[in-house]
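So for the sequence shown, this note's numbering puts the first residue at 48; every next one is plus one. Working notes, beginning with the structure itself.
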Amino acid sequence: MNWLLLIIAGLFEVGFAFCLGKAKFSTGSTSTFWLAGFLFCLTTSMLLLYKATQTLPIGTAYAVWTGIGAAGTALLGILIFKEPAHFWRIFFLSTLIMSIIGLKFVSN
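Shown next as structure tokens:
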């Protein structure tokens, strides 16, 4: 169950990075909306990370959480914000994702 909470926390980390990216390109009340989304996702992500670390090792949980956030944010950057998707970027994103999966399999 705590692994599921950790994965959801990582997805909310992607959510707060996405909201920051959208806020960057918006103005007025739309910007305020995206910043509110950022605060919601940030708070939710941190609370779920805290809950997951009650039973998972902190080093593993933090590495998985940041890995999900980094990989997810990079993928959103490519898919939504039209960032470059050259071979080496995809290669290293793949190794990051494989490392996250590997940590899950070697952890208690």
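Even glycine gets a Cβ: it sits at the ideal position worked out from N, Cα and C.
Tell me which residue opens and which closes the alpha helix (DSSP H) that residue i is part of.
i      : result
MET145 : 134-153
Secondary structure at residue i, three-state DSSP: helix, strand or coil?
i      : result
SER73  : coil
LEU103 : coil
LYS129 : coil
MET48  : coil
To the nearest whole angstrom, what separates the beta carbons of residue i and residue j, a pair I think is in contact under 8 angstroms?
i      : j      : result
LEU108 : LEU53  : Before going further, note that residue 108 is Ala rather than Leu in the sequence given. The Cβ separation is near 6 angstroms, so the contact holds.
GLY57  : GLY116 : 5 angstroms
GLU60  : SER92  : 5 angstroms
Could you confirm whether any beta carbon from chain D is found closer than 8 angstroms to the beta carbon of residue i?
i     : result
MET48 : The structure shown contains no chain D; it is built from a single protein chain.
Rounded to a whole number of angstroms, what is the C-alpha to C-alpha distance between residue i and residue j?
i      : j      : result
THR113 : PHE72  : 25 angstroms
ASN75  : LEU122 : Looking at the sequence shown, residue 75 is not Asn but Gly. Answer to the nearest angstrom: the Cα atoms are 27 angstroms apart.
PHE80  : PHE128 : 19 angstroms
THR120 : THR100 : 22 angstroms
GLY84  : ILE55  : 16 angstroms
GLY62  : LEU82  : 11 angstroms
PHE65  : ILE125 : 12 angstroms
PHE152 : ALA70  : 37 angstroms
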